[in-house]
Structures are given as structure tokens and as C-alpha cells.
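Asks: Numbers given in this note's numbering equal positions in the sequence shown, counted from 1, plus 234. Ideal Cβ placement from N, Cα and C applies to all residues, glycine included. It should be emphasised that the depicted structure is a prediction, and the values quoted were computed from it without experimental measurement.
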Amino acid sequence: MSAPTPPPRPRGGFVTPLAWVSLLLGVVSAMSNLLQIMMIVLMPDAAALGLPEGIILPASLQWLIDHALSLSVVGVALSVAFAWLSWALLQRREWARVGFVAVLLVTALLNVGGLALIGPLFEGVQAMLPADVVHSPEWPQLQARLQATRQAALLLTGLGVLAIGCLHAALAWRLCTPAVRAEFSVSRERNA
């Protein structure tokens with residue numbers, strides 16, 4: 235006769251809400267990317283900005299416009315994968331817990347890397363300005379405003395990246411605590 239199975243440990247109130255919120259975010263993100271795909275397919279000329287004569291988009295912005303469809307398809311795939319990972323986290327799959335921690339940490343690192351894009355963004359805006367603006371008497375004042383805006387954007391974005399990074403680190407740490415890991419090890423035993 236087999237030994238009676240021990241009663242399952244009670245589940246804490248952390249993983250389930252995290253998984254449901256993440257699942258919702260993944261589904262909403264997938265749907266918004268699908269909407270972008272529909273808009274691109276139904277209105278292919280919508281990406282044409284109709285810029286005034288002499289203004290050319292920086293190559294990086296033009297690349298984003300030229301590849302909007304494929305970027306949206308990648309967005310759908312990543313969003314569906316995240317929703318699936320969130321669903322598996324809700325089911326207390328150990329691999330989903332590890333994967334979720336990896337997603338949190340990689341996303342935090344990508345956000346930090348994104349700070350490096352602020353400089354080229356403002357340089358691109360400056361490159362788009364017509365020559366008569368750059369050579370006008372108001373140019374030094376406008377350039378000072380652009381520089382101040384660039385510094386403010388870097389500061390505010392940096393604070394946002396720091397806040398999100400701290401949140402991701404706290405969530406990753408919590409997913410690695412013994413109490414939360416125990417919820418997943420019990421699930422592993424039940425699935426065996």
C-alpha cells in the first residue's frame with residue numbers, strides 16, 4: 235500500500251496575482267501588435283510622414299518605419315510567448331519560474347541599454363532641422379533648449395529605468411525565495 239500523499243502547501247498571495255497581471259499584459263500587448271499589423275496592411279501609406287521639403291528622417295527612424303510590419307510580428311510573437319510563460323507560472327511550473335526571472339532581469343538590462351538611445355534620438359532631431367534654422371541668429375538659443383531637453387529626458391528616463399529595474403529585481407528576488415520556490419517544488423512533485 236502506498237504512503238498517503240502529504241497535503242499540498244498553501245499557496246502564497248504573490249505568484250497568482252503576478253501571473254494574472256503578466257498574462258493580461260501579454261494578451262493586451264499581443265492584441266495591440268495585431269492591431270498595428272492590421273493598420274499597416276489596411277493603410278500602407280500611413281507610414282509616409284509627408285515631411286516638408288529639405289527635411290529627411292534620420293536613418294534609424296526611417297529603418298523603424300520601413301520595418302514596422304516585421305517589428306510588429308516580432309512583437310506579437312514575444313507577447314504570446316510572455317503570455318504563455320505567465321500561464322505556466324500560474325500553473326506553478328518550475329521552468330516558468332526560472333524563465334520569468336530571466337525575462338525580468340533581461341528586460342531590466344535592456345531598459346538600461348535603452349538609455350544610450352537618447353543621445354542619438356536628439357542628434358537625429360537636430361539633423362532633421364533645415365539649414366536656415368541651423369544658421370539663423372536664434373540657433374544658439376534653440377540649441378541650448380535642445381540640450382536642456384536632452385538632459386531632462388535622460389534624467390527622467392534614467393529615473394524610470396531605475397524604478398522599473400528595482401521593481402524587476404524585487405520581483406526576481408521574491409520568485410527565488412524559499413517560500414515561493416516551495417510552491418513550485420510541490421507542484422513538481424504532484425506532476426511527477
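Which of helix, strand or coil does DSSP assign to R326?
Replies: R326 falls in the coil class under three-state DSSP.
Asks: Pick helix, strand or coil for L363, following the three-state DSSP scheme.
Replies: coil
Asks: Check for me: the alpha helix (DSSP H) holding T411 runs from which residue to which?
Replies: According to the DSSP assignment, T411 belongs to no alpha helix (DSSP H), since it is labelled neither H nor E.
Asks: Do I274 and S294 count as a contact pair if the criterion is CB distance below 9 angstroms?
Replies: no
Asks: How long is the line joining the alpha carbons of V261 and S419, rounded to whole angstroms?
Replies: 27 angstroms
Asks: Is it buried or exposed, V249, if we count other Cβ atoms within 10 angstroms and call 16 or more buried?
Replies: buried
Asks: Can you tell me whether F248 is helix, strand or coil according to DSSP?
Replies: coil
Asks: Taking the alpha helix (DSSP H) that L295 falls in, what are its first and last residues?
Replies: For L295, the uninterrupted alpha helix (DSSP H) segment begins and ends at A293 to D300.
Asks: Do you know offhand how far L319's Cα is from W373's?
Replies: 51 angstroms
Asks: Tell me whether G284 sits in a helix, a strand or coil according to DSSP, three-state version.
Replies: coil
Asks: Around the C-beta of E287, are 16 or more other C-beta atoms found within 10 angstroms, so that it is buried, or is it exposed?
Replies: exposed
Asks: Thinking C-beta only, is V395 closer than 9 angstroms to G348?
Replies: yes
Asks: Could you tell me which uninterrupted alpha helix (DSSP H) segments, each at least 4 residues in length, are contained entirely in the segment 363–390, listed from first to last along the chain?
Replies: 365–368
Asks: From A315 to W321, what distance separates their C-alpha atoms?
Replies: 10 angstroms
Asks: Is it buried or exposed for L258, if we count other Cβ within 10 angstroms and need 16 for buried?
Replies: exposed
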